[in-house]
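Asker:
Protein chains in written order, with the numbering used here: chain D, 72 to 325; chain S, 32 to 348.
If you want it as structure tokens, here you go:
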């Protein structure tokens with residue numbers, strides 16, 4: 072098994088396990104949450120955005136709770152960090168270690184090298200998110216609830232495109248840089264900033280996390296299809312960032 | 032004195048298989064002109080690329096395999112022009128870099144597998160055989176390897192694939208004399224099979240014995256390209272003599288012209304250029320001269336900087 076493949080596999084498994092543990096915890100906690108919704112609303116009152124989320128869960132029930140817990144909270148917080156960490160070292164890590172030369176010196180095209188790294192990172196995000204999402208209907212049976220798998224997987228696709236864009240932008244930066252820690256820190260600060268403005272009622276519409284919040288994903292569940300106004304730009308960012316990253320790698324000197 | 036050939040403008044003649052052809056290759060890094068227009072044609076056999084640190088050897092080699100894009104000039108290897116990301120050329124060349132950064136978490140065996148990815152099916156087996164011939168512990172993790180072992184691992188990986196050309200950046204750097212001899216022997220066998228091997232070094236005497244031709248670089252320019260035998264013949268005509276307490280005052284006057292020798296003071300010793308590679312006549316004359324007995328006499332051995340100064344007239348190497 073290749074060095075890179077083994078590394079990505081380890082990251083994929085780790086990300087998936089943590090995500091699943093968080094999902095199990097959230098679903099097991101659902102009956103308690105439902106019973107104590109009033110108290111939760113009181114606690115959330117000082118933060119209007121949180122209070123809105125509680126209201127949405129109260130009106131939409133377990134559907135909103137699951138997308139809120141699994142996608143908005145679990146995937147976004149953990150996934151944004153994972154995406155940044157996966158991508159930051161993709162090429163910059165080789166330069167930082169000094170192994171860029173032996174990586175590039177083999178008779179493998181740079182397009183293929185870039186594509187392999189990018190796809191491996193995308194897979195490390197997509198596979199855990201899709202697989203953990205697929206376990207949701209099974210887990211919900213234990214708390215006497217149900218959700219359809221199809222719409223849930225559509226939410227997972229939107230979530231993956233969103234985190235994939237995060238990953239792809241970081242990947243492009245990694246193709247140009249030699250300091251993976253700086254790239255990761257920069258992107259993590261950006262993620263925190265975006266999350267912070269999401270929680271400010273007057274600024275929330277400017278936050279990128281609006282694309283995967285309860286309101287947006289509940290719409291996907293309700294409509295049974297992805298909104299092109301959401302997924303097309305996300306897919307475009309993924310693609311453009313990859314192309315930019317590849318072109319930077321193609322010009323790269325060890 | 033051999034001089035650097037001027038960049039050519041005429042189209043190159045049809046090259047023999049395995050030939051490395053560089054014409055007018057230039058490369059600049061910021062304000063630093065790493066390579067001036069450089070022409071070099073390397074035919075099958077072992078060719079040494081010698082030059083001090085910073086002379087452009089590694090940059091030139093990286094340009095040849097497409098790791099560094101030349102600003103100008105043309106590179107052709109085994110008849111294939113360097114174009115795009117250079118992958119077509121790299122399919123015909125193996126390259127062992129001078130830098131020793133490796134993946135420490137891999138075992139030697141796994142690392143060989145990584146390095147020969149994209150090569151022919153038998154490449155890993157042959158690389159493994161070379162590594163075993165050199166006594167490398169392939170089951171150990173590379174992070175536990177010494178400097179010399181890492182160098183040998185890169186060498187073994189470069190020797191595995193069936194390609195017409197091998198480009199090796201300082202393959203003997205950091206090796207003990209036994210391993211160095213083993214590496215040169217393997218290279219000799221490989222060249223005897225008709226391959227083209229271009230290897231670099233900044234130590235004359237380290238690799239020149241294995242080379243049929245030697246290209247000398249300085250400050251990004253080709254100073255000379257000579258048959259190795261001719262370089263050795265020049266080296267054999269050089270004698271240096273030391274005395275305890277410094278050069279005797281009359282030494283140059285007494286020894287210059289003696290038996291056809293040209294003598295001159297160099298730092299604290301006497302440098303003599305003989306008319307031939309046989310030093311016996313000069314040594315007899317030296318013994319007979321009215322001078323104190325020398326403390327040391329050196330013949331046929333010369334450092335790269337002295338060679339550059341003595342033979343090619345390049346100072347400060």
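Where is the CB? At the ideal position from N, CA and C, for every residue including glycine.
1. Identify the contact partners of residue 128 of chain S in chain D, using a Cβ-Cβ distance below 9 Å as the criterion.
2. At a Cβ threshold of 8 Å, is residue 321 of chain D touching chain S?
3. Go through the stretch 38-94 of chain S residue by residue and report every complete run of the beta strand (DSSP E) that reaches 3 residues or more, in order.
4. For residue 323 of chain D, count neighbouring Cβ atoms within 10 angstroms of its own Cβ and tell me buried if that reaches 16, exposed if not.
5. Should residue 280 of chain D be labelled buried (16 or more other beta-carbon atoms within 10 Å of its own) or exposed?
6. May I ask you to list, following chain order, the residues of the stretch 109-120 of chain S that have a beta carbon less than 7 Å from some beta carbon of chain D?
7. Cα separation between residue 226 of chain D and residue 128 of chain S?
8. Check each residue of the stretch 214-243 of chain D: if its Cβ is closer than 8 Å to any Cβ of chain S, include it; give the result in chain order.
9. What residues in the stretch 73-104 of chain S bring their beta carbon closer than 8 Å to a beta carbon of chain D?
10. Would you grab the beta carbon distance between residue 230 of chain S and residue 77 of chain S for me? Rounded to a whole angstrom, and I think it's under 8 Å.
11. Tell me where the beta strand (DSSP E) around residue 300 of chain S begins and ends.
12. Which parts of the stretch 256-317 of chain S are runs of the alpha helix (DSSP H), unbroken and 4 residues or longer, counting only runs that do not cross its ends?
13. Spatial neighbours of residue 131 of chain S within its chain, please: CB distance less than 7 Å, with the 5 preceding and 5 following residues excluded, ordered by chain position.
14. With contact counted as at least three CB pairs below 8 Å, one residue from each stretch, are the stretch 320-332 of chain S and the stretch 277-284 of chain S in contact?
15. What does residue 84 of chain D touch in chain S if you count any residue whose Cβ is under 8 Å from its own?
16. Alpha carbon to alpha carbon, how far is residue 91 of chain D from residue 103 of chain D? Give it in angstroms, no decimals.
17. Using a beta-carbon distance below 8 Å, is residue 149 of chain S in contact with chain D?
18. State the Cα-Cα distance for the pair residue 134 of chain S and residue 333 of chain S, rounded to the nearest angstrom.
19. Helix or strand or just coil, what does DSSP make of residue 262 of chain D?
20. Do residue 198 of chain S and residue 262 of chain S come within 8 Å of each other at the CB atom, strictly closer than that value?
21. Starting from residue 200 of chain D, trace the alpha helix (DSSP H) both ways and give me its first and last residue.
22. Touching or not, the stretch 111-122 of chain S and the stretch 178-195 of chain D, by the rule of three or more beta carbon pairs under 8 Å?
23. Just the Cα atoms here: how many angstroms apart are residue 191 of chain S and residue 242 of chain D?
24. Only counting the same chain, and skipping five residues up and downstream in sequence, which positions put a Cβ closer than 7 Å to that of residue 321 of chain D?
25. For residue 297 of chain S, which residues in the same chain have their Cβ closer than 6 Å to its Cβ, ignoring the five residues on either side in sequence?
26. Work out the CA separation of residue 124 of chain S and residue 294 of chain D for me, nearest whole Å.
27. Please tell me whether residue 132 of chain S has its Cβ less than 8 Å away from any Cβ of chain D.
28. If contact means a Cβ-Cβ distance below 8 Å, which residues of the stretch 148-176 of chain S contact chain D?
29. Would DSSP call residue 152 of chain D helix, strand or coil?
30. For a test of the three-state rule: what should DSSP assign to residue 178 of chain S, helix, strand or coil?
31. So that I know if they touch, is there some Cβ in chain S lying closer than 8 Å to that of residue 168 of chain D?
32. Can you list, in chain order, the residues of its chain with a C-beta nearer than 8 Å to that of residue 257 of chain D? Leave out the 5 residues immediately preceding and following it.
33. Name the chain D residues whose beta carbon is nearer than 8 Å to that of residue 226 of chain S?
34. Which residues in chain D have a C-beta closer than 9 Å to the C-beta of residue 146 of chain S? List them in chain order.
35. For residue 195 of chain S and residue 187 of chain S, what's the separation of their Cα atoms in angstroms?
36. Below 6 Å CB to CB, which residues in the same chain sit around residue 216 of chain D once its five sequence neighbours on both sides are set aside?
Answerer: On the basis of the coordinates in this document:
1. By Cβ distance, chain D contributes 172, 173, 176, 325.
2. Against chain S, the CB of residue 321 of chain D has a partner CB under 8 Å away; the residue lies at that interface.
3. Scanning the stretch 38-94 of chain S for uninterrupted beta strand (DSSP E) segments of 3 residues or longer gives 51-60, 63-73, 76-81, listed from N- to C-terminal end.
4. Here residue 323 of chain D is buried, its C-beta having at least 16 other C-beta atoms within 10 Å.
5. Taking all protein chains in view, the Cβ of residue 280 of chain D is crowded by 16 or more other Cβ atoms within 10 Å, so the residue is classified as buried.
6. For the stretch 109-120 of chain S, which is checked against every Cβ of chain D, the residues closer than 7 Å are 116, 118.
7. For the pair residue 226 of chain D and residue 128 of chain S, the Cα-to-Cα distance works out to about 47 Å.
8. Flagged: no residues at all.
9. Near chain D, meaning a CB-to-CB distance below 8 Å, the residues of the stretch 73-104 of chain S are 93, 96, 98, 99, 100.
10. Indeed they touch by this definition, with Cβ atoms about 7 Å apart.
11. For residue 300 of chain S, the enclosing beta strand (DSSP E) covers residues 300-304.
12. With a minimum length of 4 residues, the continuous alpha helix (DSSP H) runs that stay inside the stretch 256-317 of chain S are 259-267, 282-286.
13. Excluding residues within five positions, the ones whose Cβ falls inside 7 Å are 178, 181, 182.
14. Result yes; three or more Cβ-Cβ pairs closer than 8 Å.
15. By Cβ distance, chain S contributes nothing, its closest Cβ being about 17 Å from residue 84 of chain D, past 8 Å.
16. Distance between the alpha carbons of residue 103 of chain D and residue 91 of chain D: 19 Å.
17. Taking Cβ atoms only, chain D reaches closer than 8 Å to residue 149 of chain S, which makes this a yes.
18. Each residue's CA atom was taken as its position, placing residue 134 of chain S and residue 333 of chain S some 37 Å apart.
19. In this structure, residue 262 of chain D counts as helix in the three-state DSSP scheme.
20. Cβ atoms of residue 262 of chain S and residue 198 of chain S: not closer than 8 Å.
21. In the DSSP assignment, residue 200 of chain D falls within the unbroken alpha helix (DSSP H) covering 181-212.
22. As far as the Cβ criterion goes, the stretch 111-122 of chain S touches the stretch 178-195 of chain D, which means the pair count is three or higher.
23. Taking the straight line from one Cα to the other gives about 33 Å.
24. Excluding positions up to five away in sequence, the list reads 181.
25. There are no such residues.
26. If I take the Cα positions, the gap works out to 57 Å.
27. With respect to chain D, the C-beta atom of residue 132 of chain S has a partner C-beta closer than 8 Å.
28. Listed in sequence order: 148, 149, 150.
29. In the structure shown, residue 152 of chain D sits in a helix (DSSP, three-state: H, G or I).
30. Residue 178 of chain S falls in the helix class under three-state DSSP.
31. Between residue 168 of chain D and chain S, the shortest Cβ-Cβ separation is below 8 Å.
32. Only 244 meet the Cβ criterion.
33. Simply none; closest approach about 16 Å.
34. For residue 146 of chain S, the chain D residues whose C-beta falls within less than 9 Å of its own C-beta are 173, 176, 177, listed in chain order.
35. Between the alpha carbons of residue 195 of chain S and residue 187 of chain S lies a gap of roughly 16 Å.
36. In its chain, beyond the 5 residues on either side, 133 have a beta carbon closer than 6 Å to the beta carbon of residue 216 of chain D.
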